[in-house]
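Below is one structure, written out as structure tokens; the observations come after it.
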Amino acid sequence: MKFYTDGSRINGKEDFIIGWSAVCELGVLASSSQIGGSNINAEIFAIRDLLKYLTNKRVKIFNK
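Take the sequence shown: its position 31, counting from 1, is numbered 1136 in our numbering, and each next residue is one higher.
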């Protein structure tokens, strides 16, 4: 299974807004946004959230 991440930054009224997501062919696995940050932050957060998602799924599978 292949995973894809992306993050971006847009200019808001008072500060930048960053958003990120992690997806695979099954759909969106993780996504979020926050006020402030850079494109690099958004990319890192996308990877971080994907790893958190996969870690949580792995733990749940082994606990069954």
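Ideal placement from N, C-alpha and C gives every residue a C-beta, glycine not left out.
If you follow the beta strand (DSSP E) that residue i is in, where does it begin and where does it stop?
i, result
"L1131", "Taken as a continuous stretch (DSSP letters only), L1131 belongs to no beta strand (DSSP E), as it is neither H nor E."
Here's the rule: buried if 16 or more other CB atoms are within 10 angstroms of the residue's CB, otherwise exposed. What is residue i?
i, result
"T1110", "buried"
"G1132", "exposed"
Ordered along the chain, which non-local residues of its own chain (more than five positions away) have a Cβ less than 8 Å from that of residue i?
i, result
"S1113", "I1123, G1124, W1125, N1144 and A1147"
"G1117", "I1140"
"A1127", "F1108, Y1109, T1110, V1133, L1134, A1135, S1136, A1151, I1152, D1154, L1155 and Y1158"
Tell me the DSSP bridge mates of residue i?
i, result
"S1143", "Partner(s): none; S1143 has no beta bridge."
"R1114", "I1123"
"Y1158", "DSSP, once it has assigned bridges, lists no residue as partnering Y1158."
"F1108", "C1129"
In its own chain, which residues sit with a C-beta less than 6 Å from the C-beta of residue i, not counting the 5 before and 5 after it?
i, result
"C1129", "M1106 and F1108"
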